[in-house]
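Enquirer:
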Amino acid sequence: MKSAGLIGMSALLLTASLAGCGASSSSAPPTKNIKDITIGTLYAKSGAFATSSMPEYSGLKFWASQVNKTGGTYVKALHKKVPVKIVAYNDQSSATTATSLYSQLITVNHVNILVADFGSVLTSVAVPVAQEKKMLLFDQTGTGASFFTPSNPYVVLTSLPTSGLWPTSLAQYLIHKGYSRIAIVYATNDFDQSQDQTLVRKLKAAHITPVYNNGVPTSTSSYSVLLNNMAHTKPQAVIELGYPNNDIAFMQALKASGDHFNMVFTIFPGQLPQLFTKTLGASSINNTYTYPAPPLLSFSHVNYGLNTTQFESAYKKATGQSTNFLSIAGYNTGLIIQKTLSTANSLNQLSLRHAVSRFSGSLSTLDGSFKINSEGAQIGETLPVAKISTNSKGQLSIKFVTSPNS
Amino acid sequence: MFNPQWDTNTPNRLRRRLVNGVIPVLLLAGFSVSPLVYANQAILFQMMAFMALAQGVNLLYGFTGYLPFGYVGFFGIGAYGMAISIQLLHFPGILAVIIGGLLSSVIAMAFLPLLRLSGAYFAISSLAAAEVLSHIVSNSAFIHITNGPYGEQLTQSYHPLTSYVVMVIVLVLTTVVVIFIRNRPFGRALMAIREDPVSAAMAGISVVRARSVVWLLSALIAGLTGALFGWHMSVFYPSTVFDLNISILAIVFTLFGGYGTVTGPVLGSIVLYGLYNAIGISDPQYFQLIYGLLIIALVLFLPGGIISLIQRRGNYVP
Amino acid sequence: MFAYSLISGILFGIFFGFMALGLNLIFGVMEMVNLAHGDFVVLGGYVGITALNSWHINPLVSLIFALLLFFVVGLGLFFPLVPRLSHSRDPEMLSLILFFGLSQVLEALMEIKFGVNPESLPLSVFGNSSWHFLGQSYQISWVVSALISLLMILLTYVFLYYTPMGRAVRAVMGNREEARATGLPVKRTSAIIFAIGIALAAMSGVLSPLMIGSIDPTSGLGLTTIAFAIVVIGSLGNPLGSVLGGLVYGISLMLMQTYLSSWSVLVPYLLLLIIVLVRPSGLLGKGVRHV
Numbered sequence: 002m003k004s005a006g007l008i009g010m011s012a013l014l015l016t017a018s019l020a021g022c023g024a025s026s027s028s029a030p031p032t033k034n035i036k037d038i039t040i041g042t043l044y045a046k047s048g049a050f051a052t053s054s055m056p057e058y059s060g061l062k063f064w065a066s067q068v069n070k071t072g073g074t075y076v077k078a079l080h081k082k083v084p085v086k087i088v089a090y091n092d093q094s095s096a097t098t099a100t101s102l103y104s105q106l107i108t109v110n111h112v113n114i115l116v117a118d119f120g121s122v123l124t125s126v127a128v129p130v131a132q133e134k135k136m137l138l139f140d141q142t143g144t145g146a147s148f149f150t151p152s153n154p155y156v157v158l159t160s161l162p163t164s165g166l167w168p169t170s171l172a173q174y175l176i177h178k179g180y181s182r183i184a185i186v187y188a189t190n191d192f193d194q195s196q197d198q199t200l201v202r203k204l205k206a207a208h209i210t211p212v213y214n215n216g217v218p219t220s221t222s223s224y225s226v227l228l229n230n231m232a233h234t235k236p237q238a239v240i241e242l243g244y245p246n247n248d249i250a251f252m253q254a255l256k257a258s259g260d261h262f263n264m265v266f267t268i269f270p271g272q273l274p275q276l277f278t279k280t281l282g283a284s285s286i287n288n289t290y291t292y293p294a295p296p297l298l299s300f301s302h303v304n305y306g307l308n309t310t311q312f313e314s315a316y317k318k319a320t321g322q323s324t325n326f327l328s329i330a331g332y333n334t335g336l337i338i339q340k341t342l343s344t345a346n347s348l349n350q351l352s353l354r355h356a357v358s359r360f361s362g363s364l365s366t367l368d369g370s371f372k373i374n375s376e377g378a379q380i381g382e383t384l385p386v387a388k389i390s391t392n393s394k395g396q397l398s399i400k401f402v403t404s405p406n407s
Numbered sequence: 155m156f157n158p159q160w161d162t163n164t165p166n167r168l169r170r171r172l173v174n175g176v177i178p179v180l181l182l183a184g185f186s187v188s189p190l191v192y193a194n195q196a197i198l199f200q201m202m203a204f205m206a207l208a209q210g211v212n213l214l215y216g217f218t219g220y221l222p223f224g225y226v227g228f229f230g231i232g233a234y235g236m237a238i239s240i241q242l243l244h245f246p247g248i249l250a251v252i253i254g255g256l257l258s259s260v261i262a263m264a265f266l267p268l269l270r271l272s273g274a275y276f277a278i279s280s281l282a283a284a285e286v287l288s289h290i291v292s293n294s295a296f297i298h299i300t301n302g303p304y305g306e307q308l309t310q311s312y313h314p315l316t317s318y319v320v321m322v323i324v325l326v327l328t329t330v331v332v333i334f335i336r337n338r339p340f341g342r343a344l345m346a347i348r349e350d351p352v353s354a355a356m357a358g359i360s361v362v363r364a365r366s367v368v369w370l371l372s373a374l375i376a377g378l379t380g381a382l383f384g385w386h387m388s389v390f391y392p393s394t395v396f397d398l399n400i401s402i403l404a405i406v407f408t409l410f411g412g413y414g415t416v417t418g419p420v421l422g423s424i425v426l427y428g429l430y431n432a433i434g435i436s437d438p439q440y441f442q443l444i445y446g447l448l449i450i451a452l453v454l455f456l457p458g459g460i461i462s463l464i465q466r467r468g469n470y471v472p
Numbered sequence: 014m015f016a017y018s019l020i021s022g023i024l025f026g027i028f029f030g031f032m033a034l035g036l037n038l039i040f041g042v043m044e045m046v047n048l049a050h051g052d053f054v055v056l057g058g059y060v061g062i063t064a065l066n067s068w069h070i071n072p073l074v075s076l077i078f079a080l081l082l083f084f085v086v087g088l089g090l091f092f093p094l095v096p097r098l099s100h101s102r103d104p105e106m107l108s109l110i111l112f113f114g115l116s117q118v119l120e121a122l123m124e125i126k127f128g129v130n131p132e133s134l135p136l137s138v139f140g141n142s143s144w145h146f147l148g149q150s151y152q153i154s155w156v157v158s159a160l161i162s163l164l165m166i167l168l169t170y171v172f173l174y175y176t177p178m179g180r181a182v183r184a185v186m187g188n189r190e191e192a193r194a195t196g197l198p199v200k201r202t203s204a205i206i207f208a209i210g211i212a213l214a215a216m217s218g219v220l221s222p223l224m225i226g227s228i229d230p231t232s233g234l235g236l237t238t239i240a241f242a243i244v245v246i247g248s249l250g251n252p253l254g255s256v257l258g259g260l261v262y263g264i265s266l267m268l269m270q271t272y273l274s275s276w277s278v279l280v281p282y283l284l285l286l287i288i289v290l291v292r293p294s295g296l297l298g299k300g301v302r303h304v
C-alpha cells in the first residue's frame, strides 16, 4: 500500500513542520530568575513598508546596544539591571505574515515586551492579538485612530499623534495667512484621507472651502495632469497628502510643470529629507512646506536619553547610517520601554501600562514631549509646519511658520 | 496528472475509497490536536486557510484548466461580506462567515462571462477583476458600507477559538468536496472538458454548466476562507485581504504539490508554508529568489508537482 | 483642462504603447505571455538611472545600451527556457507560470541590488524647456519620450512589414504550423523576436522614470498588467495596435484623473475587462485569435 505510505508521509511532514515551528515552544519563564528582558518586534525588510520599517528597527536595535553597553536596563520589578534581548522577525510588509509572527512572539517566544512594526497597516493586526493575549503593545508609528479605544488598555503609541490630528497646525497656519483658495490632493488611504478630512473640517469651520479637494489612488505616480487641473483653480496654497512615493512623484511633476504657487505643502520631505534629495535633488524641495520631524526638528533639551545632536553622531558611529525620523522613532520606543521598566513595580503587562500613564507628561526625549491620553494615544508630540530651504551645497535648513511647541 | 485507467476491480476500488477517506480524517485530527502541542495558533490557522485556498485553485485549475490569478478577489469579498454582516447587520460571527462565502459566489456569478476566455486571457482578466473588486471596496464612495480605505475593525466579534474550529470544518468539507468531485462522473467529465472541450461537448457533456458549477464552488471556498481569515484577524485593510500574494501562494502550493489530485495541494501547503515559516522569516530576499527559482524549476522539470514523482511509477495517489 | 488632459494622455499613451510593444511581439509570435515583461521595463529603468548617477551617461545613450544589453539577455534566457516549454503539454499556461517565476526572481534580484527605495531620473535630463501647444505647456521630457517611443514603434513596423525577417515573423504569427511546414526557421525567428521583445521592454524602461514618476523593484507586475491591457485593447502582433491601445489607455487615464480622480486606478483593469468581454480580438483585430 504505497498510497497509505504517502499519507503517512504527509502526516509525518505535518508533524515535522509543526515541530520545526514549535521547537522553541515552552511555557512562560517565572519572573524571579529572568536573565534578560526579551523585546519582540517585527520589521519589513522588503515590500511597501521597508523604506520606513528598516530605519525604525535599526533605531530600536541601536537603543538596545546602547543599554547593553552599560550592563542593561534597570528593571524596578527585579531591583537590578538586566540586559535586553531583541527577538525580531521579518514580516516582508505583509499584514498576513505579520499576524502569525506577532502571535509567534507572544505564544512561542513569550517575550516580555511587544513592539509593533512601522505604520498602521502592520500595526493593525497586532492590536487584537495583543489585547486577546493581554500583552501591552508598544505601537511606534501606527497612527490609525481606531486602535485606541477605552476598552483596550493594551496599547500605547510612543511616537507621533494619531494621523487625524496631524493637520491641526497646518490648518491654523492656512487660516492665519488668510489663504482662501486652497487646493488639496490626497491619496485615498487611511493615513492621508483622515488628514484630508480633518483639514477640510477645520478650514470649513473658518468658512474656507477648498477650491480643489480630490482623492487619488495611492498607486498614483503621475501628478502632471492633476497639477494642471489644480492650477486652473488658481490656488494660493497647494497641499498634497500622500505616502513618500506619492510625494516624490508630486514634487517631480511640480518641478517639471514650472507652475508656481505661494505655498506648496507635502508630508514626507520633513520626515525623510534624504530620500527626496537623493531621488530628486536638493533643489526640488526648496521652499516646500512640510511637517518637520526630528532630526530636522531638533530637541537639545531632553530629560531622558540622548538629544538630537548626540544621537546623530552616536548613531552614525554605530551603524554608519545617517539619522532620519524613523530611526529616532525606533530609538524613542526603546527609551519609553526603558522608562517603563524602571517605573513599573512588576513585569505584569497591566502594571507596565499603568507605569506608562504615571510618567506620561513628564518625559522629554529627542522625539519631543511624551504624553498619552487614557486610551494610549499620543497627544504630547505636535507636528508644527515649517518651510524647507536648501542652499547651493544641498544642505537643508528649516524655518518654523507655526510654533513648534503649540 | 491523473490516472486515466479507472480500475473497476472491486477490492481495489474499496481500497481507494478508504485511502481517500483517510485524508480528511487526518486533516481533522491533525489540526484539532496540533494547537495542544503548538502554541502559535495563527500559523496553524493560516496553514489551513492556504490549504483550503489551494484546494479551491486545484478545483479550478486542476479540473478545468482555468488558472485564477485573481483568486484573491473572492477571498477579499468573503472577508468584506463577513465584516459588513457583522458591522451593519449585526449578525453573529458564524452566520456572517456563511454570508461572506455566499456573497463571493454571487460575485462569481457576475464574472461568469470570464469563462468564455481561455488560457492567459482568463488568468490576467481574473487578476483585473480582483483589482476592480479591491478598488471598489476601498473607494470612499462606499465608505458607509465598507468603511473605504479605513478598513474593518471587528474587535467586538473577535473570537480566535471559534474561527479556528470553523476553519477546521471548512477545510475538511472542502477536502471532501474535492475528493467527491474527483471520484465521480462529474469529475471525469471535467477532466474530459479540460483535455478537449469540443469532443467533450460532442459526447453530451454540458461544458458551460460543468465549468460554471466549479467556478461558483471555488468562489465559495475562497469566500468562506476569506471570511474566516478576516474574522480571525478581526482588523484588516482592503490591501490586507486583497493582497495578490495570497493568490500567488495558493497557486504555488497547488503546483508544487501537484494539481488535479487531492493530496497535492495538501502536501504543497504543508511543505511550502512550513518552509516559509521555518526559513522565510529570516531572509525574505533570498526566499523570494528561491520561490521564483522553484517555480521555474517546477515548470521545466516537474510540471505535475511532487505527486507526479510517485504517480510516475504507476501508483495511485488520491 | 480637457485639452491638457487629452494632449497629456496622447503623449503618455504613445509611451505606454511602446512599453507594451515587446509583450505584444512575444505574445503574438510565441503565444506566451511574458509575465516578467514589467520587470524588464524596471530593469531598463535602473540601467538609465545607474548610468546617469554613476557615470553621467545621458539616458539617450542608455537607451541604445539597454537595447543591446537586453537583446543579449533575451537570447540567453530563450534557449534554456522556451524550447523546453514549447514541447510541454500546455505551453500557454506553463509559460505563464514560468515567467511569473522569472518575475519573482528578477524582483528579488533587483531588491538585493538596488534596495527598496523608489528611484528616479531628474525630469530636466533633456533640458528645462517646455513645449507650448494650444496655449498650454508640456514638459519636454514627456515630449522627447513620446517621440522616441513613436520612432521605435515605426521602426518595428518597418521591420515587420518590409524586411524578409519581418515577413517570417508575421508568417509565424499567422500560423505556426504552416510556417514550420513551409520550411521557415520557426525556432530562430522565435528566439530573435523574444530577444527583441525583451530589449524593447528594457529600452522603454529607460524612459519610464520620466513618465511614471519613479520606479522600485515591485513596480513590475503593475506595468505588466497595463501592458497586457494595452496589447489586448489594440491587437496582437500589430505594432500599430499597440499605439492604439496605448492611446486608449493614456487618454482614458488622464481624463479619469481629471474628472473622477479617485477611480483612475481602475482604468487599465476596466478597459481590459470590457475589451475581452465585448471585443476579444481587440480594436484592430480580425477575430483570428482563439479566445
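Residue numbers (this note's numbering), protein chains in the order written: chain A, 2 to 407; chain B, 155 to 472; chain C, 14 to 304. For each residue, glycine too, the CB sits at the ideal point set by N, CA and C. Being a predicted model, the structure only gives us computed values, none of them experimental.
Could you check the C-alpha separation between I338(A) and G243(A) for me, to the nearest Å?
Expert: If you take the alpha carbons of I338(A) and G243(A), they lie about 30 Å apart.
Enquirer: Tell me, to the nearest whole angstrom, how far the beta carbon of M224(C) is from that of M165(C); I am working on the premise that it is less than 8 Å.
Expert: The Cβ separation is near 14 Å, so there is no contact.
Enquirer: At a CB-CB cut-off below 7 Å, which residues of chain C make contact with G279(B)?
Expert: According to the sequence as given, residue 279(B) is Ser; it is not Gly. Those within 7 Å of S279(B) in chain C are L285, L286 and V289.
Enquirer: Does the Cβ-Cβ distance between I299(B) and I261(B) come in under 8 Å?
Expert: Not in contact: I299(B) and I261(B) (Cβ atoms no closer than 8 Å).
Enquirer: Mind reading off the beta-carbon distance from V303(A) to T366(A)? Whole number of angstroms is fine, and I expect it under 8 Å.
Expert: Contact holds; Cβ gap of about 5 Å.
Enquirer: Could you name the residues that DSSP lists as bridge partners for H145(C)?
Expert: Answer is S150(C).
Enquirer: At 9 Å on the CB atoms, spell out the chain C contacts of S393(B), in chain order.
Expert: Correct list: empty, because the minimum Cβ distance to chain C is about 12 Å.
Enquirer: Between which two residues does the alpha helix (DSSP H) harbouring I239(C) extend?
Expert: Taken as a continuous stretch (DSSP letters only), the alpha helix (DSSP H) holding I239(C) covers G233 to I246.
Enquirer: Return the first residue and the last residue of the alpha helix (DSSP H) that L43(A) is part of.
Expert: Run containing L43(A): none in the alpha helix (DSSP H); it sits in the beta strand (DSSP E), I38 to Y44.
Enquirer: Let me know the secondary structure DSSP gives Q241(B) once reduced to three states.
Expert: Note: Q241(B) maps to helix in three-state DSSP.
Enquirer: Tell me, please, whether the CB atom of L136(C) is closer than 8 Å to any CB atom in chain A?
Expert: Closer than 8 Å to some Cβ of chain A, the Cβ of L136(C) qualifies, so yes.
Enquirer: By the DSSP assignment, the beta strand (DSSP E) with A184(A) in it spans what residues?
Expert: Looking at the DSSP string, the run of the beta strand (DSSP E) that includes A184(A) is I183 to A188.
Enquirer: Beta-carbon within less than 7 Å of V453(B)'s beta-carbon, same chain only, minus the 5 sequence neighbours each way: which residues are those?
Expert: Result list for V453(B): empty, nothing under 7 Å.
Enquirer: Check the C-beta distance from L287(B) over to S366(B) and give it rounded, since I have them as a contact under 8 Å.
Expert: The Cβ separation is near 19 Å, so there is no contact.
Enquirer: Rounded to whole angstroms, how far is the Cβ of T324(A) from the Cβ of S59(A), which I believe are closer than 8 Å?
Expert: T324(A) to S59(A), Cβ: 10 Å. No contact.
Enquirer: With 16 as the cutoff for other CB atoms within 10 Å, does H69(C) come out buried or exposed?
Expert: Exposed, because fewer than 16 other Cβ atoms sit within 10 Å of the Cβ of H69(C).
Enquirer: Closer than 8 Å, Cβ to Cβ, to anything on chain C: give me those residues from the segment 212-227 of chain A, in chain order.
Expert: Within the segment 212-227 of chain A, the residues whose Cβ lies closer than 8 Å to some Cβ of chain C are N215, G216, V217, P218, S220, T221, S222, S223, Y224, S225, V226 and L227, listed in chain order.
Enquirer: What does a CB cutoff of less than 6 Å around L200(A) pick up in its chain, not counting 5 residues either side in sequence?
Expert: Result list for L200(A): P168 and A172, in chain order.
Enquirer: Quick check on this structure: which residue in F410(B), Q442(B) and G224(B) has the alpha carbon closest to the alpha carbon of L281(B)?
Expert: Ranking the options by Cα distance to L281(B), first place goes to G224(B).
Enquirer: Do N212(B) and G418(B) count as a contact pair if the criterion is CB distance below 8 Å?
Expert: Contact flag set, yes.
Enquirer: Let me make sure I understand the geometry here. Which of L283(C), D103(C) and F25(C) has the alpha-carbon closest to that of E349(B)?
Expert: The residue with the shortest Cα to Cα distance from E349(B) is D103(C).
Enquirer: Should the segment 41-51 of chain A be regarded as contacting the segment 109-119 of chain A, the criterion being three or more beta carbon pairs within less than 8 Å?
Expert: Yes: the two stretches touch, three or more of their Cβ pairs being nearer than 8 Å.
Enquirer: Any C-beta of chain C sitting closer than 8 Å to the C-beta of Q322(A)?
Expert: Closer than 8 Å: no.
Enquirer: When you check each C-beta in the segment 255-275 of chain B against every C-beta of chain C, which residues fall closer than 7 Å?
Expert: Those residues of the segment 255-275 of chain B that come within reach of chain C (Cβ to Cβ, closer than 7 Å) are P267, L271, S272, G273, A274 and Y275.
Enquirer: Would N157(B) pass as an interface residue toward chain C - the criterion being a Cβ-Cβ separation below 8 Å?
Expert: Since pLDDT at N157(B) reaches only 46, below the 50 mark, its modelled position is unreliable, and no value is offered.
Enquirer: Might you give, ordered along the chain, the residues of its own chain that have their beta carbon closer than 6 Å to the beta carbon of A65(A), omitting 5 neighbours on each side?
Expert: Hits under 6 Å: V85 and I87.
Enquirer: Please determine if the segment 413-427 of chain B and the segment 89-96 of chain C are in contact, where contact requires at least 3 C-beta pairs separated by less than 8 Å.
Expert: With the cut-off at 8 Å, the segment 413-427 of chain B and the segment 89-96 of chain C do not touch.
Enquirer: In the structure shown, what three-state DSSP assignment does D248(A) receive?
Expert: Helix, per DSSP.
Enquirer: Nearest CA to the CA of S162(C): which residue from I206(C), I209(C), Y262(C) and L220(C)?
Expert: Of the candidates I206(C), I209(C), Y262(C) and L220(C), the one whose C-alpha sits nearest the C-alpha of S162(C) is L220(C).
Enquirer: In the DSSP assignment, find the beta strand (DSSP E) that holds Y75(A) and state where it starts and stops.
Expert: From DSSP, the beta strand (DSSP E) with Y75(A) extends over T74 to V76.
Enquirer: Which residues in chain C have a C-beta closer than 9 Å to the C-beta of H233(A)? List them in chain order.
Expert: In chain order: M14 and Y17.
Enquirer: Could you pull the DSSP bridge partners for M264(A) from this structure?
Expert: Answer is A238(A).
Enquirer: Taking the continuous alpha helix (DSSP H) assigned at F265(B), which residues delimit it?
Expert: F265(B) -> no alpha helix (DSSP H), and no H or E assigned at all.
Enquirer: Out of T189(A), H233(A) and T221(A), point me to the one whose CA is closest to F251(A)'s CA.
Expert: Nearest of T189(A), H233(A) and T221(A) to F251(A), Cα basis: T221(A).
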